[in-house]
Amino acid sequence: MTELVRLQGIRKSFGGVHALRGVDFSLKAGEVHALLGENGAGKSTLMRVLGGEHQPDGGEIVMDGAPVELRSPTDAMKKGVVVIHQEMALASDLSVAENIFLSEIPSIVSWKTLNRRARELIERLGFDIKPNAIVRDLSVAYQQVVEIAKALSRNARIIVFDEPTAVLSGQDAERLLGIIDGLRRQGVGVVYISHRLDEVFRIADRMTIMKDGASVETVERNAVEIPDVIRMMVGRPLSALFGENVERAVGPELLRVEGLTRGARVRDVSLSVRAGEIVGLGGLVGAGRTELVRLIFGADHRESGKILVEGNEINPTHPKDAVKAGIGLVPESRKEQGVVLDFPIRVNATMARLSPLVNLFGVVRRSAERSAVKALSDRLRIRAASMDAPVSSLSGGNQQKVVLAKWFHAGGRILIFDEPTRGVDVGAKTEIYSLIKSLAAEGRAVLVISSEHLELFGLCDRVLVMREGRLTGSLLPADYSEENMLKLAMTAPAAAAAH
Amino acid sequence: MTQTTTTADTSPRSGDAPARRIDFGDLMHRYGTVVILVVLLVVARSMSDVFLTERNLLNVLRQISGTGLMAVGMLFVILTRGIDLSVGSIAALGSVASAILVQQMAPGLAVVATLAIGGAFGLLSGLLVAYLRLPPFVTTLAVMTIARGAALIASGGQPIRMGEAGAFITRFGSGYALGMPQPVLLMLAVFVLAGLVLAFTRFGRMVKAIGSNAEAVRLSGIGVSRYVVSVYVISGVLAAAAGIISSSRTGIGSATVGVGAELDAIAAVVIGGASLMGGRGGAINTFIGVFVLGIIANLMNLASVPGYHQQVFMGVIIIGAMLLQYGSTFFRR
């Protein structure tokens, strides 16, 4: 097999953070090469370098035996590289054919030819999508097919898939794997990024494992087993990653949810969390987990269902009601929902409960605020030049600690974490796990959403799994396995909620 | 021992230790407003001997006192990422209402009632923006025509003389205290108060935070809508106050007061370095912004630039001021 591209010693820093520290990677024609590693390991950054979005600070990209520079995504495309991101880059109000040929639509359009060529490309992938359908109306899976057809229309020799199946249901994921197999047989080189190791082991010819911005190892699929890969990804025994285990006494039920429903996204969900307990919420992206906790927090309106805090029914129609009842939410997207990015750490940390720090005239008592924030930053070990520094100057892990500080300060007894370690480096992850455990040890009830199964298994006392808006089952530590998880998340019949 | 741990903990992450270079673009962005003022003062001095006299400067301040009040309200609204186009019309309504009401009730009560009318129009905008999620631009545009219409209806399209009954108000317009015209003192007091509120109170902090990231504030359990309504009410009250100042100086309530004043207020806030995307801006800089506009108008009068030409020059100078402040980010690329 001929080598399509070789990345050698690629280095890339962002303002002093070394995202890539000398990565080697190569791709041959007609192979599927999986790129594995934890969030923040540098996979996406590496692929942005290959896709021309980032310019490397050091290292070399060799194509067809000669070093090349990929100056922009357009430049990379001209050289046959297409990156398909998880968030798709389609113009959703245009038709399928228009999207496929977006960059080459002539000034005078022959719709007939355009549609015919689009149809041919889609048929090559084994699908039947109308070329004049509007992209917005298509399912996510079909939109992905359009993306791939777009790549093929540009004669891509290298196609990078960044977590393509994360948004797909079981059946659609299968079809996508079929397409990728087809691309491989046509001699395309495919880079495949995924957290689903079972999938990777089915489709990949080779795997490169990345950790902390470096490539740990490149292996043939047949040479390793799943546990080997996990060890390479994490770089230490799993038990150490999740911090010390603190003795926790499980107390009375603090949060109870009965029959919570909002449209098709959340359907008749019931669950309960006790003091001192950490309960996980697993499932695929789009299974309705975020929507569920937003209902509990009053961020969205529920259609029906009851929410009880310490046995008393509450009716949160705004987050302030939930906060008053003692609920805190660490939301999924930190920068958009968790913090006011340009504002000082101090302001963010005290935001959820400013009243004790304010005098009769609404003037903030600075000294009281300072000492409160000092205590929080000591407790959470927030590493910052000053508490007056804007949150944007912090690393992802420390930003997340500021969000945690907010809820520490608010003092609620029920805490909900939505993807608490997304975009956080490994060191900070362990700290966050320890904090979550200590919160529970102090008698709080904790609910954790995570798409990383290992995280749920390492952190939670039990894991509830959702699929298509419903709870499909519950796993206890004895049943923790990737297989059980995926069974409930992808294929299990949406049976009556078990909790 | 404890010393060492503390040091380690407070050291910044490795990521933000770039060498401290003097960043011209950043400096201009921060202090551009002051630079613009200084440049203008130098130019003004060289152009006219009269300019730097106390009499002329007080005159400038007196002329900007109405715009200044509206700019303070506008600042609060813009900080929340909104805009209030209705201030000029509410000022007209304030001018007319004060002239009418002062004939019918105790003058103090008439002033309070006029401010309340302004506040009510602000409340209308605020409720529509905060609770019904209508875009501020169009909402306040609608309220702008309603307020102007109301002023025309109430006045019957005629200027209303305050006469003897309005002496209380006209005395304020022509009176001095502490060596300054009273309207100027009022404006300065409002600016100082606004500055204190923004810097030190929960209200000021939340208003700015909402403009920067309303969703994060809401998800911290804070009733964002109440704050949003409040800023429009403040803007409405201050606009009505600007209307009273106008009638207090002329002794006439008129529905044609404040045409285009909303644009002056917005220009002042933006020259003051506030971001129309919310979250950034301050009272002192906004005051400088108003002052800059006042100086430009004053200079053109002193230089006897004809009225129609003045408008063109004003626009050109505003663009120049903005370029000084924001253009540097463009030239840096």
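Residue numbers (this note's numbering), protein chains in the order written: chain R, 21 to 519; chain A, 99 to 431. Positions of the beta carbon are idealized from the N, C-alpha and C atoms, including for glycine. Nothing here was measured: the structure is a model prediction, and the numbers come from that model.
Beta strand (DSSP E) segment containing residue i, residue limits
i, result
"Asn332/R", "332-334"
"Gly209/R", "209-213"
"Leu437/R", "Residue identity differs from the one stated: residue 437/R is Phe in this sequence, not Leu. Segment 434-438, the beta strand (DSSP E) holding Phe437/R."
"Lys533/R", "Past the edges of chain R, shown from 21 to 519, lies residue 533/R, and the structure says nothing about it."
"Gln28/R", "23-34"
"Leu38/R", "The sequence given here has His at residue 38/R, not Leu. Looking at the DSSP string, the run of the beta strand (DSSP E) that includes His38/R is 37-48."
Inter-residue CB distance, residue i and residue j (contact presumed, cutoff 8 Å)
i, j, result
"Tyr330/A", "Leu221/A", "7 Å"
"Leu400/R", "Ala372/R", "With 8 Å as the limit, Leu400/R and Ala372/R do not qualify as a contact, their Cβ atoms being about 15 Å apart."
"Glu594/R", "Ile125/R", "Shown here, chain R extends from 21 to 519; a query on residue 594/R therefore has no answer."
"Phe221/R", "Arg195/R", "That pair is no contact at about 19 Å."
"Glu502/R", "Leu217/R", "7 Å"
"Ala430/R", "Glu297/R", "Actually they do not touch by this definition, with Cβ atoms about 20 Å apart."
"Leu284/A", "Val170/A", "Not confirmed; about 11 Å, so no contact."
"Leu315/R", "Arg282/R", "6 Å"
"Gly484/R", "Ser494/R", "Per the sequence presented here, residue 484/R reads as Leu, with Gly not at that position. Going by Cβ atoms, the distance from Leu484/R to Ser494/R rounds to 5 Å, so yes, they are a contact pair."
"Lys394/R", "Val266/R", "With 8 Å as the limit, Lys394/R and Val266/R do not qualify as a contact, their Cβ atoms being about 24 Å apart."
Start-to-end residues for the alpha helix (DSSP H) that takes in residue i
i, result
"Glu520/R", "Residue 520/R lies beyond the range of chain R shown here (21 to 519); nothing can be said about it."
"Phe219/A", "205-228"
"Phe477/R", "473-479"
"Lys132/R", "131-144"
"Val367/R", "365-370"
"Arg309/R", "309-316"
"Leu400/A", "381-400"
"Pro339/R", "339-344"
"Ile402/R", "Counting along the chain, Ile402/R falls outside any alpha helix (DSSP H), and DSSP gives it neither H nor E."
"Lys326/R", "Element bounds for Lys326/R: not the alpha helix (DSSP H) but the beta strand (DSSP E), 324-329."
Test item: CB-CB of residue i and residue j under 7 Å
i, j, result
"Ala295/R", "Gly271/R", "yes"
"Gly308/R", "Arg285/R", "yes"
"Gly217/A", "Gly334/A", "yes"
"Arg160/A", "Leu150/A", "no"
"Phe270/A", "Gln280/A", "yes"
"Ser310/A", "Val360/R", "yes"
"Leu47/R", "Leu66/R", "no"
"Val299/R", "Arg482/R", "yes"
"Gly62/R", "Gly233/R", "yes"
"Ser345/A", "Ser196/A", "yes"
"Leu455/R", "Ile436/R", "no"
"Ala54/R", "Met230/R", "no"
"Ala314/A", "Gln420/R", "no"
"Val148/A", "Asn154/A", "yes"
"Val390/A", "Leu135/A", "yes"
"Pro339/R", "Gly318/R", "yes"
"Gly382/R", "Thr299/A", "yes"
"Glu352/R", "Thr310/R", "yes"
"Ser412/R", "Asp362/R", "yes"
"Leu197/R", "Ile213/R", "no"
"Ala169/R", "Pro151/R", "no"
Heavy atom of the ligand ADP within 6 Å of residue i beta-carbon
i, result
"Lys306/A", "The ligand ADP is not among the ligands present in this structure, which contains no ligands whatsoever."
Neighbour flag for residue i against chain B, beta carbons, 7 Å
i, result
"Glu262/A", "In the structure shown, chain B does not exist; the protein chains are R and A."
Exercise for the section: Name, going along the chain, the residues of the stretch 351-364 of chain R whose beta-carbon falls closer than 7 Å to a beta-carbon of chain A. Expected result: Cβ contacts with chain A come from Pro351, Glu356, Gln357, Gly358, Val359, Val360, Leu361, Asp362, Phe363.
Practice task
Evaluate the contact criterion for the stretch 225-245 of chain A versus the stretch 173-186 of chain A: three or more CB pairs, one atom per stretch, below 8 Å.
Solution key: Result yes; three or more Cβ-Cβ pairs closer than 8 Å.
Problem - Interfacial residues, the stretch 295-309 of chain A to chain R, with Cβ spacing under 7 Å - result: Hits within the stretch, in order: Phe298, Thr299, Arg300, Phe301, Arg303, Ala307.
Exercise for the section: Could you say if the stretch 430-444 of chain R and the stretch 242-252 of chain R meet the contact criterion of at least three C-beta pairs nearer than 8 Å? Expected result: They do not touch, by the three-pair rule.
Practice task
Evaluate contact between the stretch 60-76 of chain R and the stretch 32-43 of chain R, counting only Cβ atoms and requiring at least three cross-stretch pairs below 8 Å.
Solution key: Look at the beta carbons and you see the stretch 60-76 of chain R touching the stretch 32-43 of chain R: at least three pairs across the two are nearer than 8 Å.
Practice task
Using a Cβ-Cβ cut-off of less than 9 Å, list which residues of the stretch 316-343 of chain R approach chain A; keep chain order.
Solution key: For the stretch 316-343 of chain R, which is checked against every Cβ of chain A, the residues closer than 9 Å are Phe317, Gly318, Ala319, His338, Pro339, Lys340, Asp341, Ala342, Val343.
Practice task
Would you check if there are 3 or more beta carbon pairs closer than 8 Å linking the stretch 407-419 of chain A to the stretch 374-386 of chain A?
Solution key: Using a Cβ-Cβ distance cut-off of 8 Å, the stretch 407-419 of chain A and the stretch 374-386 of chain A are not in contact, since fewer than three pairs of beta carbons, one from each stretch, lie closer than that value.
Problem - chain A contacts from the stretch 366-377 of chain R (Cβ-Cβ distance under 7 Å) - result: Cβ contacts with chain A come from Val367, Met371, Ala372, Leu374.
Handout entry: Segment contact flag, the stretch 302-318 of chain A with the stretch 191-201 of chain A, C-beta cutoff 8 Å, min 3 pairs
Key = Touching, no.
Exercise for the section: Check each residue of the stretch 381-392 of chain R: if its Cβ is closer than 9 Å to any Cβ of chain A, include it; give the result in chain order. Expected result: Listed by position, the residues of the stretch 381-392 of chain R near chain A (Cβ gap below 9 Å) are Phe381, Gly382, Val383, Val384, Arg386.
Handout entry: Contacting positions in the stretch 407-439 of chain R - beta carbon closer than 7 Å to chain A
Key = Within the stretch 407-439 of chain R, those residues whose Cβ lies closer than 7 Å to any Cβ of chain A are, in chain order, Ser413, Leu414, Ser415, Asn418, Lys426.
Practice task
Give a yes or no on contact between the stretch 171-184 of chain R and the stretch 150-163 of chain R, applying the rule of three or more CB pairs nearer than 8 Å.
Solution key: They do not touch, by the three-pair rule.
Exercise for the section: Evaluate contact between the stretch 356-369 of chain A and the stretch 258-276 of chain A, counting only Cβ atoms and requiring at least three cross-stretch pairs below 8 Å. Expected result: With a cut-off of 8 Å, the stretch 258-276 of chain A and the stretch 356-369 of chain A do not count as touching, because too few Cβ pairs lie within range.
Exercise for the section: Please confirm if the stretch 201-210 of chain R is in contact with the stretch 40-58 of chain R, defined as three or more CB-CB distances below 8 Å between the two stretches. Expected result: The answer is yes - the stretch 40-58 of chain R touches the stretch 201-210 of chain R, with three or more Cβ pairs under 8 Å.
Exercise for the section: Check distances from the C-beta atoms of the stretch 315-334 of chain A to those of chain R and list, in chain order, the residues that come in under 8 Å. Expected result: Of all residues in the stretch 315-334 of chain A, those with a C-beta nearer than 8 Å to a C-beta of chain R are Val315, Arg316, Leu317, Ser318, Gly319, Ile320, Gly321, reading in chain order.
Practice task
Scan the stretch 370-381 of chain A for residues whose Cβ lies nearer than 9 Å to a Cβ of chain R and list them as they occur along the chain.
Solution key: Residues are counted here when their Cβ sits less than 9 Å from a Cβ of chain R; for the stretch 370-381 of chain A these are Gly377, Arg378, given in chain order.
Exercise for the section: Count the C-beta pairs between the stretch 344-362 of chain A and the stretch 197-209 of chain A that are closer than 8 Å, then say yes if the count reaches three, no if not. Expected result: Three or more Cβ pairs closer than 8 Å define a contact, and the stretch 344-362 of chain A meets that threshold against the stretch 197-209 of chain A.
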